[in-house]
Amino acid sequence: MDHVMDKAPQPTPKAVPRKTTPRLGRDALVAAICGLVVVLMVGAAYAAVPFYNWFCRATGFNGTTQVATSAPSSGPLARKIAVRFDSNVAGGLPWKFEPEKTEIEVRIGEVVTVYYTVTNQSARATAGQAAYNVAPLTVGAYFQKINCFCFTEQTMAPGEKREMPVVFYVDPAIVSDHDNDTLNTITLSYTFYPVRDATPKPLAAGEGDQRKGSL
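When the letters of the sequence shown are read in order and numbered with the numbering used here, they come out as residues 720 to 934.
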């Protein structure tokens, strides 16, 4: 008779304890990572604003006009174009704002000065700042402004009326852009927005300007 030998029972291996990160330390790490992500997102949002403004000024994107320091090197061309002037005031700003002329005809490359008038209809000092663009939007790269009231905060005394000049020209380079061969009219539009807690200023930009007509 064969004898079957029973196998001796094997010892059960002991479980190796797992190292665990203390819950408090893990929560602090997650919170730190989330905080870093928020900081980076906020920083990116703030950085995007000046970058977008620079991009618009450099390319004329979204109807943003260009800033020139002098007249074009070449003389005005024979081709003429109509320039219309639009004015708007946002809610909360008690100003009357309008162009002295709603439309003029200019030669491409001709430096022109036009005036807007602003009246503070409030019994207290108020402040505003203008935003602007041109239409059609693709013309922004060719609309060159030498002087403009839109770059600084304007503070108006009660009942004050002021003339604000805009000096501009249409860049002769526009004639090389065949997408604008049929362009007959450009609209320059300004909107004044209220400025809260404005810093008092003795004079606003453009207040001391004298009428000289077209430059």
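Backbone N, C-alpha and C fix where the C-beta goes; we use that ideal spot for every residue, glycine too.
- The shortest CA-to-CA distance from V802 to any of V914, T910, V833, F870 is the one to V833.
- Here A809 carries a coil assignment [DSSP, helix/strand/coil].
- By the CB criterion at 8 Å, F887 and V837 fall outside the cutoff.
- Excluding five sequence positions before and after S841, the CB atoms of its chain that fall closer than 7 Å to its own CB belong to P813, P877, given in chain order.
- With respect to the C-alpha of P855, the residue from E817, L907, V885, D896 having the closest C-alpha is L907.
- Exposure of D900 is indicated by the presence of fewer than 16 other C-beta atoms within 10 angstroms of its C-beta.
- Relative to P884, the option among A850, C869, G811 whose CA is nearest is C869.
- Judged by DSSP in its simplified three-state form, P891 adopts helix.
- S792 is not bridged by DSSP to any residue.
- For V837, the enclosing beta strand (DSSP E) begins and ends at 831–839.
- DSSP, read as helix, strand or coil, puts G847 in strand.
- Annotated as distal: Y909 and Q848, with beta-carbon spacing of 8 Å or more.
- Under DSSP, the beta-bridge partners assigned to L907 are F804, V853.
- Between E872 and V914, the CB-CB gap stays under 8 Å.
- Look at V858 here: in three-state DSSP terms it is helix.
- Per DSSP, P877 lies in no beta strand (DSSP E) and is assigned neither H nor E.
- According to DSSP, R826 shares a beta bridge with K799.
- Using a Cβ distance threshold of 8 Å, D890 and T857 do not count as a contacting pair.
- F816 has V837 as its beta-bridge partners, per DSSP.
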